[in-house]
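A quick write-up on the structure given underneath.
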Amino acid sequence: MLNEKITNALNGQLSKELYSAYLYLSMSAYSTYIGLKGFANWFMVQYQEEMVHTMKIYTYINDQGARVKLRSIEEPPSDFESPLDMFEKTLEHERFITKSINELADLALGEKDHATYMFLQWFINEQIEEESNDTDIINKLKHIGNDGNGLLMLDKELALRVFVPPAQTSTGVTGQ
Ligand code: FEO
1 MLNEKITNAL
11 NGQLSKELYS
21 AYLYLSMSAY
31 STYIGLKGFA
41 NWFMVQYQEE
51 MVHTMKIYTY
61 INDQGARVKL
71 RSIEEPPSDF
81 ESPLDMFEKT
91 LEHERFITKS
101 INELADLALG
111 EKDHATYMFL
121 QWFINEQIEE
131 ESNDTDIINK
141 LKHIGNDGNG
151 LLMLDKELAL
161 RVFVPPAQTS
171 TGVTGQ
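So that you can map any letter, position 35 of the sequence shown is 35 in UniProt numbering, and since no number is skipped, the others follow by simple counting.
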């Protein structure tokens, strides 16, 4: 059982996760366009992970007998200055998502909704990993600077990222 405030906030978070997927799909498309297939792969995996986040919230709202209401999704940017620009925008966006998850957790505690608070713990941990991965790549890109060979080596590294589908249970997506 979810109250109206929590249901609204979860639907809001669902749309933010869907926008995240859309943003990273746009970055993947841009990376492909400029010939960086490894970067394109990294962002495509990120897109898939964001769809998992979206569906975790979708399933949770349904499992709690509340109503999923989809909202309009803003158009993501389609042009970027450089790979560094893409990752700086990624980190900035993930910090915004972390803040949003934290506010949701605060709301769940305030409403004494322990089930939702517990549900959000997975997202709180996931955000630590996401911000850390982005920071790591930003640092590498800063070291690389204008070195084309360094950029191609990083492109090869990012080509190795693999999407790991989440485990499924009778109630839906559980984790990754
Ligand atoms: Fe689902 Fe990248 O936050």
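Cβ coordinates follow ideal geometry from the N, Cα and C atoms, glycine included.
Practice prompt. Can you grab the Cα-Cα spacing for the pair residue 167 / residue 19, in whole Å?
Written response: Residue 167 sits at position 167 when you count from the first residue of the sequence shown. Residue 19 sits at position 19 when you count from the first residue of the sequence shown. Going from the Cα of residue 167 to the Cα of residue 19 covers about 23 Å.
(Q) Looking at residue 142: is its Cβ nearer than 9 Å to the Cβ of residue 91? (A) On the sequence shown, position 142 is the one that residue 142 refers to. On the sequence shown, position 91 is the one that residue 91 refers to. The Cβ atoms of residue 142 and residue 91 do not sit closer than 9 Å to each other.
- [ ] Going by CA-CA distance only, name the one from 21, 113, 76 that's closest to residue 4.
- [x] Numbered from 1 along the sequence shown, position 4 holds the residue referred to as residue 4. When 21, 113, 76 are compared, the shortest CA-CA separation from residue 4 is found for 113.
Exercise for the section: Measure the CB-CB distance between residue 23 and residue 99 and report whether it falls below 9 Å. Expected result: On the sequence shown, residue 23 is found 23 positions in, with the first residue counted as 1. On the sequence shown, residue 99 is found 99 positions in, with the first residue counted as 1. Contact: no.
- Query: Around the ligand FEO, which residues pass a check of Cβ closer than 6 Å to any of its heavy atoms?
  - Reply: 17, 20, 50, 53, 94, 97, 130
**Study point:** Beta-carbon contacts of residue 116 that lie in its chain and below 6 Å, excluding the five residues immediately before and after
**Key:** Mapped onto the sequence shown, residue 116 falls at position 116. For residue 116, where only same-chain residues beyond five positions count, the Cβ hits under 6 Å are 6, 108.
Could you have a look at residue 153 and say whether DSSP puts it in helix, strand or coil?
For this step, residue 153 is matched to residue 153 along the sequence shown. Note: residue 153 maps to helix in three-state DSSP.
Handout entry: Helix, strand or coil at residue 20 [DSSP, three-state]
Key = Residue 20 sits at position 20 when you count from the first residue of the sequence shown. The answer is helix: DSSP assigns residue 20 an H, G or I state.
Is residue 69 helix, strand or coil when you go by DSSP?
-> Residue numbering aside, residue 69 sits at position 69 when the sequence shown is read from its first letter. Coil, per DSSP.
- Which class does residue 35 belong to by DSSP, given the choice of helix, strand or coil? Reading the sequence shown from its first residue, position 35 is the one you call residue 35. It is coil, neither helix nor strand.
Taking the beta carbon of residue 86 as the centre, do at least 16 other beta carbons fall within 10 Å, making it buried, or is it exposed? If you number the sequence shown from 1, residue 86 lands on position 86. Classification for residue 86: buried.
Next item on the list: Evaluate the contact criterion for the region 145-165 versus the region 42-50: three or more CB pairs, one atom per stretch, below 8 Å.
Entry: yes
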